[in-house]
Every structure is written in C-alpha cells, then in structure tokens.
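Trainee:
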Amino acid sequence: MLRPARALIAAILAAGGLLAGPAGAQTKVLRVVPQSDLTVIDPMFGTAWISLIAGEMMYESLFAWDSKLEPKPMMAERWSVSPDGLVWRFTLRAGLRFHSGEPVTAEDVAASARRWMAMDSVGARLATMTQGIAVVAPDTIEWRLSRPFPAMLFALAAAPARFPAVMRAKDVLGADGAPITTRIDNAIGSGPFRFAANERVVGHRAVWTRNPDYTPRAEPPDGLAGARLVKVDRVEWHVIPDAATAAAALTAGEVDMLERPVLDQVPVLARNKASRIVKLAPIMSQNMLRPNATIPPFNDPRMRRALAYAINQEDEMAAGWGEPDYWKTCASYFICGAPFGTPAGGEAFKQDFAKARQLAAEAGYKGEKLTFVATTEIPTLRQMSEVAFDALKRAGFNVEMLWGDWGTTGQRLRNRDLWHLFLTGAPGVIMSHPLTNIATDMTCGGKNFVGWACDDDTERLREAFLNAPDSDRAAALDRYHRRLTEMQPYTLLGQYDAVSAIRADVAGFLDSPVIAYWNVEVRR
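Following the working numbering, the numbering of the sequence shown begins with 2 at its first residue and continues without gaps.
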C-alpha cells in the first residue's frame with residue numbers, strides 16, 4: 002500500500018496524465034513542476050513570467066538574447082541599417098514554418114511587430130519613433146524610424162514579460178487591420194515545441210510536443226540564441242501546489258524538475274544524490290511591493306515613499322528566501338552587481354515607521370482601507386506578503402489582504418479600481434537595464450506595467466540616459482536613478498537567486514535569461 006504522501010503524489014500525477022498518458026515506452030518525456038499553473042498561453046497578454054517561459058517554447062522572434070544578454074539573430078538571417086540610423090532592413094532565414102504548416106512571411110513579422118508595440122513597454126517606446134514598417138519582399142521588412150535608436154537589436158531580442166514573438170498575421174490583426182490587444186489562445190507559433198491543446202487540464206497539466214518540422218539555427222546553443230535543439234519528445238508541466246509533495250515527487254523520480262523549490266527544501270534536495278540544485282539565470286532576480294499609482298493614496302509620490310520607509314528588506318527576504326546565501330538587500334532598481342546597479346538616492350530608505358507616518362499624513366492619508374492583493378499559490382510571495390502586511394499595519398496603514406491563486410490575482414490586478422498593493426518578483430535579466438525594466442517605466446497613458454506609475458520628468462531622464470554618450474552615461478544614470486527613488490514606482494524588497502531542482506539523470510539546461518527546454522536530455 003502507498004504511504005499517504007506517495008498516494009497523494011500518485012493521485013496528482015494521474016490526474017495530470019503522467020501515470021497514464023499517451024507517451025509510449027520509447028518516448029522521452031521531461032516532467033516539470035512549474036512555479037504556477039499556466040493560465041495565459043499568449044505571451045503578449047499579461048506579464049506572468051510563466052507565460053513567457055511557455056511562449057519561448059512555441060514562438061520565436063527576429064533576435065534573441067544569449068547568456069550574456071547580447072542580441073543574436075534568431076528568425077533574422079540578414080539585417081542592415083542605413084548610415085543615418087533611420088532605416089533598418091530585416092530578412093528572414095529560409096524554411097521558417099508555423100505549426101499549422103504555413104510559411105512565416107514578412108507580413109507576419111510586420112503584423113506581430115505592430116501588436117508588440119501596442120502592448121509592451123519596450124515596444125511602446127520603439128513605437129514613439131517608428132514611422133512605418135513596410136513589407137519590401139515576401140521575406141523582408143523595412144523598419145523606418147524618426148530618430149536613431151542605438152538599442153534596436155537589444156530591444157528586438159529582449160525577453161521581458163512580453164517578448165516580440167512572431168505570430169500569424171491573421172491571428173494578431175483585426176478586421177480593420179489594427180493589432181488585436183485581447184488575448185490569443187490558439188498558440189500557433191513557429192518554435193521548436195507545439196502546444197498540445199487537447200491535453201491541457203487547467204490546474205493540473207500543460208503539454209508540449211517536439212515540432213518535427215522545426216529547423217534549428219547552425220550556431221551552438223547559447224541562452225535563448227543559437228540552435229534550439231529539442232532532445233525530448235514531450236515536455237509536461239504538472240502542477241503540484243503542495244511544496245512537500247512536489248519535492249517528494251522529485252526525490253522519487255516521478256518528476257524531473259522543480260522550477261522553483263521552496264528554500265527550506267533546497268538543502269535537503271542538494272544532499273540527495275538523485276537531484277541537484279542549479280542556478281540558470283545569469284543575474285539575481287528582484288522582489289517588489291507595487292502600489293496602484295492611479296488612485297488615492299498612492300497617486301501621491303509621498304505616499305509611495307512612505308511605503309519604502311515602512312518596509313524592512315532583511316525581514317522580507319528572510320521570509321521569502323531563507324538563509325542569506327540566496328539573497329541580498331539592495332537599494333538599486335537595476336540590480337546590485339549588474340552593470341547599471343547604482344544605489345544613488347536609495348541609501349536613505351530604511352525602515353522608519355515615524356517617517357512613514359509623517360509622509361502618509363503629508364500625502365493626505367487618513368486611514369482609508371488599502372486592499373493588498375496577494376497569491377496563496379507561490380510560497381515565497383505568500384510569505385513575503387504576510388511580512389509586508391504586518392509591517393504596514395505597524396506603520397499605521399489600514400490594510401486588508403485579499404488572497405487568491407495566481408491566475409485570480411492577475412485578473413484582479415487588471416481592474417484599477419479594485420486594489421492598492423501587490424507583491425511580486427521579476428527576473429533580474431529584465432530589471433537590470435533601464436530599457437527593459439518594466440516596473441520603472443513611468444510613461445503616461447496607462448500602457449506600462451500594472452500599477453501604471455506615471456511621470457514625464459522621470460521618462461525624460463531615462464531617455465537622456467539611453468541616448469547619452471559613453472562619457473556622460475554614468476552621470477546620466479545617477480540623475481535618472483535619483484529621480485526614481487523620489488518617485489518610487491515600486492518599493493524595493495531585495496534580490497535573490499532563483500534556483501531550480503533537477504534530477505541527476507537530466508542534463509543540458511542552458512544558462513539562459515528564461516528557462517529553456519531545448520538542449521535538455523533525459524538519460525534513462
């Protein structure tokens with residue numbers, strides 16, 4: 002008879018199809034416990050990192066980041082830029098096909114680029130200087146700018162929450178020819194994996210199969226760049242909400258990877274000869290407390306600064322990430338230890354309840370209820386939210402917690418009138434650069450990251466930094482970062498190493514900005 006824990010594992014995996022799935026005896030299957038369930042399959046809709054990981058499996062873009070965050074060609078075969086920096090031309094590599102069998106054309110690339118610019122913060126910045134994207138041949142587009150944009154290839158390779166995935170034009174354009182900004186659910190890309198929609202079980206399982214028609218690039222795999230060599234037949238995500246049950250499944254060999262094991266289990270899994278702990282991302286990730294800047298009281302920067310004085314980073318990171326071997330405090334929006342990780346202006350923000358109350362009073366806060374939206378599904382975020390809630394109460398804020406799973410939390414956050422605060426994490430690879438840090442984007446108009454902080458002066462300083470010559474870049478960064486600490490688009494909670502637990506008989510995971518499931522071998 003199975004012991005209770007083993008019986009629970011068996012029940013979960015059977016519900017997800019692992020014990021009675023379609024895979025045959027010779028089929029190579031990689032079985033993963035993801036950090037959360039996949040609620041949105043469209044990588045351009047919403048900002049969930051789990052959707053980006055899935056999106057990179059199914060879709061490709063013109064360029065991709067390598068392990069050093071350098072842009073390298075992916076779908077592009079050739080490209081050029083005019084001497085004045087205003088005209089870029091991109092030609093697709095031969096043989097690209099969608100999972101439906103249709104060839105990828107320049108029309109698809111142009112349509113997808115327009116949708117990306119309508120939905121993503123980096124894309125929106127590029128849109129302000131885009132005069133037009135023309136199809137000049139079946140495999141070539143011409144992108145015209147109003148002013149030079151030196152970071153063009155970096156932007157087209159960027160893997161922030163919404164990466165410039167190429168989709169079929171008929172899927173991304175409406176009847177009027179304008180980009181569709183609503184969610185797309187058919188998941189037809191041209192990448193190395195196909196989504197098995199018929200095997201999707203919400204709350205339990207998501208499955209991808211190897212795309213037999215995919216032709217990899219010739220270069221060696223490097224991060225998200227180079228050859229995407231698929232060495233398994235299936236990738237199965239099995240949602241196991243209970244952390245102890247998930248760890249037991251890994252130890253027993255019933256799953257191959259825990260994308261985000263809880264930290265108190267990491268030492269145990271590291272000592273087990275059947276598994277190992279790996280860090281796949283090149284830069285530490287970041288946690289943040291994000292206020293809703295569109296409604297009182299957090300539409301006032303003084304109230305946002307009050308948050309920073311209410312929080313203790315050490316308490317937050319210890320609650321979420323355990324021993325300090327895996328985390329550090331940091332006063333930089335752009336990641337301490339990364340190229341742009343300056344603390345300028347942020348050094349003064351230490352926990353000071355009296356200062357927090359003073360700033361809150363100056364902002365006109367009179368004890369109105371503040372709704373803190375939080376998820377129960379991701380243990381680190383749940384634990385950190387509980388610590389933040391306690392600190393805010395002690396600082397005199399009238400806070401109410403509204404708990405839910407990650408999918409429900411994401412839905413609530415889209416309604417600006419229903420919440421004031423939420424706590425989340427973001428990969429350092431996107432937060433470390435002023436162009437791709439989605440939460441320091443303070444462009445007005447409500448198209449930036451949820452919370453929608455807005456300040457034209459901050460954006461002017463960001464532009465000055467992005468366009469600064471090398472000789473003035475450090476000074477421009479200093480000015481920009483000091484303004485950010487005044488405006489506080491979010492409260493810094495610290496940074497952490499995101500580690501994964503992997504079975505010893507699984508090899509080939511790449512150091513990558515986003516977890517990549519190509520190049521992975523299951524040796525059994």
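Cβ coordinates follow ideal geometry from the N, Cα and C atoms, glycine included.
Small disclaimer: the values here were computed from a predicted structure and weren't measured.
Can the beta-carbon of Leu478 be found closer than 8 Å to that of Tyr334?
Mentor: No, the pair does not count as a contact, with Cβ atoms beyond the cut-off.
Trainee: Which two residues bound the contiguous beta strand (DSSP E) that contains Arg206?
Mentor: Start and end: Arg206 to Arg211.
Trainee: Alpha carbon to alpha carbon, how far is Met402 from Glu387?
Mentor: Cα to Cα, the separation comes out at about 9 Å.
Trainee: Once the 5 residues before and after Gly18 are set aside, which same chain residues still bring their CB inside 6 Å of it?
Mentor: Low confidence applies here, because Gly18 scores a pLDDT of 48, under 50, leaving its location unreliable; read the following figure in that light. The residues are Arg206.
Trainee: Should Cys337 go down as buried or exposed, given a rule of 16 or more other Cβ atoms within 10 Å for buried?
Mentor: Answer is buried; the Cβ neighbour count reaches 16.
Trainee: Classify Ser433 as buried or exposed, calling it buried when 16 or more other Cβ atoms lie within 10 Å of its own Cβ.
Mentor: Under this definition Ser433 is a buried residue.
Trainee: With DSSP collapsed to three states, give me the class of Trp328.
Mentor: If DSSP states are grouped into helix, strand and coil, Trp328 belongs with the strands.
Trainee: Whole angstroms is fine: what's the gap from Tyr60's alpha carbon to Thr131's?
Mentor: Their Cα atoms are separated by approximately 24 Å.
Trainee: Evaluate contact between the segment 235-253 and the segment 469-488, counting only Cβ atoms and requiring at least three cross-stretch pairs below 8 Å.
Mentor: At 8 Å Cβ cutoff, the stretches do not touch.
Trainee: Closer than 6 Å by C-beta to Gly509: which residues in its own chain qualify, once you throw out the five before and the five after it? Chain order, please.
Mentor: Excluding sequence neighbours, Gly509 sits near Asn520, Val521 and Glu522.
Trainee: Can you list, in chain order, the stretches of the beta strand (DSSP E) that have 3 or more residues and sit fully within the segment 342-411?
Mentor: The qualifying runs are 371-376 and 400-405.
Trainee: Please report the straight-line C-alpha distance between Ala505 and Arg277, rounded to a whole angstrom.
Mentor: Going from the Cα of Ala505 to the Cα of Arg277 covers about 6 Å.
Trainee: Thinking C-beta only, is Arg163 closer than 8 Å to Trp117?
Mentor: In contact: Trp117 and Arg163 (Cβ atoms closer than 8 Å).
Trainee: Evaluate Thr129 with the Cβ neighbour count: other Cβ atoms within 10 Å of its Cβ, from every protein chain shown; 16 or more gives buried, anything less gives exposed.
Mentor: The residue is exposed, with fewer than 16 neighbouring Cβ atoms inside 10 Å.
Trainee: Check each candidate in Arg305, Leu93 and Ala375 and name the one with the smallest Cα separation from Cys455.
Mentor: Of the candidates Arg305, Leu93 and Ala375, the one whose C-alpha sits nearest the C-alpha of Cys455 is Arg305.
Trainee: Tell me whether the beta-carbon of Gly452 lies closer than 8 Å to the beta-carbon of Ala294.
Mentor: Yes; because the gap between Cβ atoms is below 8 Å, this pair is in contact.
Trainee: Under 8 Å: do the segment 97-115 and the segment 29-37 share three or more Cβ pairs, one atom per stretch?
Mentor: Short answer: they don't touch.
Trainee: From Ala349 to Met488, what distance separates their C-alpha atoms?
Mentor: Approximately 14 Å between the Cα atoms of the pair.
Trainee: Could you check the C-alpha separation between Val203 and Ser62 for me, to the nearest Å?
Mentor: So the two alpha carbons sit approximately 28 Å from each other.
Trainee: Could you give the first and the last residue of the continuous beta strand (DSSP E) run that contains Ala65?
Mentor: Where Ala65 is concerned, the enclosing beta strand (DSSP E) stretches over Phe64 to Trp66.
Trainee: Pull up the distance between the alpha-carbon of Asn399 and that of Lys370, whole angstroms please.
Mentor: Distance between the alpha carbons of Asn399 and Lys370: 5 Å.
Trainee: Only counting the same chain, and skipping five residues up and downstream in sequence, which positions put a Cβ closer than 6 Å to that of Arg94?
Mentor: Closer than 6 Å at Cβ, skipping near neighbours: Glu78.
Trainee: Skipping 5 residues on each side, what residues in its chain have a beta carbon closer than 6 Å to that of Val137?
Mentor: Same-chain partners within the cutoff: Glu143.
Trainee: Compute the beta-carbon to beta-carbon distance between Leu270 and Leu251, rounded to the nearest angstrom, for a pair I have assumed lies under 8 Å.
Mentor: The Cβ separation is near 7 Å, so the contact holds.
Trainee: Can you give the Cα-Cα distance for Val1 and Ala125, rounded to whole angstroms?
Mentor: Residue coverage of the chain in this structure runs from 2 to 525, which leaves residue 1 outside it and unanswerable.
Trainee: For Met168, name the three-state secondary structure that DSSP assigns.
Mentor: Met168: coil per DSSP, three-state reduction.
Trainee: Is it buried or exposed, Ile516, if we count other Cβ atoms within 10 angstroms and call 16 or more buried?
Mentor: Buried, since its Cβ has 16 or more Cβ neighbours within 10 Å.
Trainee: Mark Pro84 as exposed unless 16 or more other C-beta atoms lie within 10 angstroms of its C-beta, in which case mark it buried.
Mentor: Its Cβ having fewer than 16 others within 10 Å, Pro84 is exposed.
Trainee: From Leu146 to Gln384, what does the alpha carbon distance come to, in whole angstroms?
Mentor: If I take the Cα positions, the gap works out to 46 Å.
Trainee: Give me the Cα-Cα distance between Arg1 and Thr48, rounded to the nearest whole angstrom.
Mentor: Nothing can be reported for residue 1, as the shown portion of the chain is limited to 2 through 525.
Trainee: List, from N- to C-terminal side, the alpha helix (DSSP H) runs of 4 residues or more that fit wholly inside the segment 239-267.
Mentor: Listed in chain order, the complete alpha helix (DSSP H) runs (minimum 4 residues) inside the segment 239-267 are 244-252.
Trainee: Check this for me: beta carbons of Tyr481 and Met289, under 8 Å apart or not?
Mentor: Cβ atoms of Tyr481 and Met289: not closer than 8 Å.
Trainee: In chain order, what are the residue ranges of uninterrupted beta strand (DSSP E) at least 3 long that sit wholly in the segment 92-163?
Mentor: 131-138 and 141-146, all fully within the segment 92-163.
Trainee: How would you call Asp442, buried or exposed, if buried means at least 16 neighbouring beta carbons within 10 angstroms?
Mentor: Under this definition Asp442 is a buried residue.
Trainee: Quick test of the definition: if touching needs 3 or more C-beta pairs under 8 Å, does the segment 420-430 touch the segment 277-287?
Mentor: A contact exists between the segment 420-430 and the segment 277-287.
Trainee: Between the beta-carbon of Phe423 and the beta-carbon of Val374, is there less than 8 Å?
Mentor: Closer than 8 Å, so yes.
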